[in-house]
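J.: Just passing along the structure, written as structure tokens.
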Amino acid sequence: MAKEMTVAEFISLALVECGKTQKEIAREVGFVRPNFISMLKTGDAQVPPARVPELAEALGVSRSELMRRVLAQDHPEIWRAIRDSGYDPIELHEVELLDKFRAATRDVTEDAFDAFEHQLLEATFEIIAWRRLGRAD
């Protein structure tokens with residue numbers, strides 16, 4: 006089984022892939038000293054969980070993926086409590102989809118979907134997968 010990438014390795018890779026300088030990232034995130042990014046890359050500093058959203062945005066990576074990595078590595082007891090509670094962080098685009106779904110099903114009980122509605126939803130998600138990933142599962 007492959008070893009999980011550390012937060013430092015994840016940030017280093019994201020920095021290369023995003024094409025921004027450490028100074029640009031530090032400015033976007035609000036870190037006073039650009040060398041803090043170097044410290045994150047080497048593992049000499051921990052990502053403050055409160056800064057994960059800004060750092061993820063600046064690096065162009067998933068907020069929930071970076072938060073999962075930060076908590077699992079640097080705050081394992083908190084991550085275990087979150088994970089074991091069944092909580093699964095969702096991305097902002099998923100929140101938008103959930104909001105639309107809730108608006109469309111307002112005042113409808115969860116067992117009110119008929120077979121046609123289930124087929125329609127499944128087909129919609131297959132089309133999205135096909136368009137975005139070039140395949141449908």
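Every letter in the sequence shown is one number past the one before it in the numbering used here, and letter 8, counting from 1, is 13. Ideal Cβ positions, reconstructed from N, Cα and C, are used throughout, including at glycine.
#1: Taking the Cβ atom as the reference point for each residue, do ALA13 and LEU45 lie within a distance shorter than 8 Å?
#2: In whole angstroms, what is the alpha-carbon distance linking ARG107 and HIS123?
#3: Check whether the Cβ atoms of PRO54 and MET72 lie closer than 8 Å to each other.
#4: Using only alpha-carbon positions, find the residue among LEU126, GLU82, ILE133 and TRP135 that is nearest to ALA109.
#5: Taking all protein chains shown into account, do 16 or more other C-beta atoms lie within 10 angstroms of the C-beta of LEU102, making it buried, or fewer, making it exposed?
#6: In whole angstroms, give me the CA-to-CA distance for LYS105 and ARG111.
#7: Span of the alpha helix (DSSP H) holding LYS105?
#8: Report the residue ranges of all beta strand (DSSP E) runs contained in full by the segment 59-88; include only those spanning at least 3 residues, in chain order.
#9: Give the straight-line distance between the Cα atoms of ILE16 and ALA120, rounded to the nearest whole angstrom.
#10: Shortest alpha-carbon distance to ASP49 belongs to which of ASP79, ARG56 and LEU20?
T.: Let me lay it out:
#1: Mapped onto the sequence shown, residue 13 falls at position 8. Mapped onto the sequence shown, residue 45 falls at position 40. In contact: ALA13 and LEU45 (Cβ atoms closer than 8 Å).
#2: Locating residue 107 in the sequence shown gives position 102, counting from the first residue. Locating residue 123 in the sequence shown gives position 118, counting from the first residue. ARG107 and HIS123: Cα-Cα distance of roughly 15 Å.
#3: In the sequence shown, the residue the question calls residue 54 occupies position 49. In the sequence shown, the residue the question calls residue 72 occupies position 67. The answer is yes: Cβ separation under 8 Å.
#4: Along the sequence shown, read from residue 1 onward, the residue named residue 109 stands at position 104. Checked all of LEU126, GLU82, ILE133 and TRP135; the closest Cα to ALA109 is LEU126.
#5: Reading the sequence shown from its first residue, position 97 is the one you call residue 102. By the neighbour-count rule (16 or more Cβ atoms within 10 Å), LEU102 is not buried but exposed.
#6: By one-based count along the sequence shown, residue 105 stands at place 100. By one-based count along the sequence shown, residue 111 stands at place 106. Taking the straight line from one Cα to the other gives about 10 Å.
#7: Walking along the sequence shown from the start, residue 105 turns up at place 100. Its alpha helix (DSSP H) spans residues 97-109.
#8: none
#9: Here residue 16 refers to the residue found at position 11 when the sequence shown is read from its first residue. Here residue 120 refers to the residue found at position 115 when the sequence shown is read from its first residue. Distance between the alpha carbons of ILE16 and ALA120: 45 Å.
#10: Within the sequence shown, residue 49 is the residue found at index 44, counting from 1. Among ASP79, ARG56 and LEU20, the Cα nearest to that of ASP49 is on ASP79.
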